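A.B. asks: In the order they appear, the protein sequences are chains A and B. For the first sequence, the working numbering gives the first residue as 11, with consecutive numbering after it. For the second sequence, the working numbering gives the first residue as 305, with consecutive numbering after it. Note that beta-carbon positions come from the ideal geometry of N, C-alpha and C, so glycine has one too. As the structure is a prediction and not an experimental result, all values here were calculated from the model.
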Amino acid sequence: MNQVVHCVTADPGVAAFARASLTGLRVRSYPSAGRFLKSWRGDGLAVIDAGLPDMSGRDLVAVLRGAPRTAGSLLVLTGGGQYSPAAAAVCFDNGADEYFPFPPDPALFRARVLNLLGRGGRRAAAEKPAEYAFGALRVSPEARTARVGGSALKLTALEFDLLLYFLRNQGRLVSRSMLLEQVWRQDSSAGARAVDKRIEALRRRLGRSFGSKLRTVFGLGYIFKL
Amino acid sequence: MKPRPKVLVVDDEPDYLRIAARIAAKAGCAVVTAPTALEGVALASAEKPDMILLDVGLPDISGFEAARRIRRTPALAGVPIIFFTVRSEVDMVSEGLKLGAAGYVLKPFDPDELLRRIKAAVFPA
């Protein structure tokens with residue numbers, strides 16, 4: 011085996027874990043996103059710590075996935091606090107091939123890295139989650155359907171786009187202007203008031219348990235946290 | 305009493321200017337703001353902030369060029385700068401980090417993450 015695993019982390023514990031569990035592979039470490047971007051050519055597999063000193067690992071994965079030179083690379087995210095299905099789904103949606111809370115089980119981590127590298131060192135295909143599942147809330151981006159506890163939600167096209175945008179940006183504070191730009195897009199006649207009305211409608215349709223996760227941050231925008 | 309650290313926020317988008325300013329204030333900082341890069345450069349020189357939150361896609365000159373100009377002032381040569389932007393091309397991120405940025409944050413951002421980064425920059429351990 012002569013494949014390279016690039017480990018991007020400022021945490022010596024994460025780097026040591028990668029070296030110890032990936033014996034037989036060449037493991038190179040980078041202490042920051044900046045140092046990694048400077049040297050990496052898109053080869054091998056990159057294990058990226060969610061909490062880098064200069065950038066979040068989730069943002070770094072999204073950036074790499076968006077660039078032609080690195081779009082097909084194998085990217086594994088680790089860290090980022092306690093595991094939750096919601097956190098994992100967001101990592102996958104940002105483009106991670108795998109996600110492990112830290113520390114992962116060493117044998118499982120090694121097996122998964124070898125399995126990914128065994129595909130020939132490139133990503134199999136552009137994969138997005140077929141369905142987001144957060145407890146009783148299930149959202150299928152392709153079929154454009156959303157269900158809570160088995161009952162289909164009746165959403166307009168715009169409300170569905172809004173829900174998807176919030177799911178993909180969980181935990182991020184989204185301003186009204188950002189929503190107008192990213193979700194309403196061409197419809198420039200809409201204003202902040204239209205956003206508020208539509209969010210209110212989306213909350214109602216999501217029901218009490220999920221609607222309450224879509225919080226207003228007074229004077230700033232909205233945040234969706236599951 | 306030690307004066308509060310001062311943060312300069314530069315963004316042409318009023319919503320994000322307000323959001324970033326609010327988070328910097330929550331971090332315990334005094335905040336000054338500018339809606340354009342050139343005003344930001346001038347304000348940096350006048351106010352000598354302890355850190356700068358700088359949008360990359362500004363209408364007059366880019367945030368990167370603003371950072372270069374700010375850093376030419378000897379008193380600001382080492383000021384921590386966090387770039388924030390909606391655009392996420394890998395070359396842009398590399399350029400920003402090569403400029404010695406303390407951080408690079410994509411919009412929309414996690415307010416807790418930005419808060420942590422501001423605190424790490426103005427109150428280093």
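(1) With DSSP collapsed to three states, give me the class of A/Ala242.
(2) Could you tell me whether the Cβ atoms of B/Pro412 and B/Asp354 are closer together than 7 Å?
(3) Which whole runs of the beta strand (DSSP E) in the stretch 347 to 417 of chain B are 3 residues long or more, in chain order?
(4) With DSSP collapsed to three states, give me the class of A/Arg143.
(5) Count Cβ pairs between the stretch 394 to 408 of chain B and the stretch 216 to 236 of chain A that sit closer than 8 Å; are there 3 or more?
(6) Could you work out which residue in A/Asp64, A/Val205, A/Arg51 and A/Leu236 is closest to A/Ala77 when comparing CA atoms only?
(7) With H, G and I counted as helix, E and B as strand and the rest as coil, what does DSSP make of B/Lys310?
(8) Which residues of chain A have a Cβ atom closer than 9 Å to the Cβ of B/Pro415, listed in chain order?
(9) A/Val150 bridges to which residues according to DSSP?
(10) Quick one: does B/Leu410 have its CB under 7 Å from some CB of chain A?
(11) Identify whether A/Phe110 lies in helix, strand or coil by the three-state DSSP scheme.
(12) Does the beta carbon of B/Val397 sit closer than 7 Å to a beta carbon anywhere in chain A?
(13) Measuring CB to CB, does B/Ala429 end up less than 7 Å from B/Ala406?
(14) Report the residue from A/Ser49, A/Phe119 and A/Val149 whose alpha carbon sits nearest the alpha carbon of A/Ala96.
(15) Among A/Gly217, A/Lys235 and A/Arg215, which residue has its Cα nearest to the Cα of A/Leu224?
(16) Note down, in chain order, all residues in the stretch 314 to 331 of chain B with a beta-carbon under 7 Å from any beta-carbon belonging to chain A.
(17) Does any residue of chain A bring its CB to less than 7 Å from the CB of B/Val431?
C.D. replies: Taking the coordinates as given:
(1) Here chain A covers residues 11 to 236 and nothing more, so residue 242 of chain A does not appear.
(2) no
(3) 355 to 359, 385 to 389 and 407 to 410
(4) A quick correction: the sequence has Ala, not Arg, at residue 143 of chain A. Strand at A/Ala143.
(5) no
(6) A/Arg51
(7) strand
(8) Gly181, Arg182, Leu183, Val227, Leu230 and Ile233
(9) Residue identity check: residue 150 of chain A is Ser in the sequence provided, not Val. Paired residues: A/Thr155.
(10) yes
(11) strand
(12) yes
(13) no
(14) A/Val149
(15) A/Lys235
(16) Glu317, Asp319, Tyr320, Arg322, Ile323 and Arg326
(17) Only positions 305 to 429 of chain B appear in the structure, and residue 431 of chain B is not among them; the question remains open.
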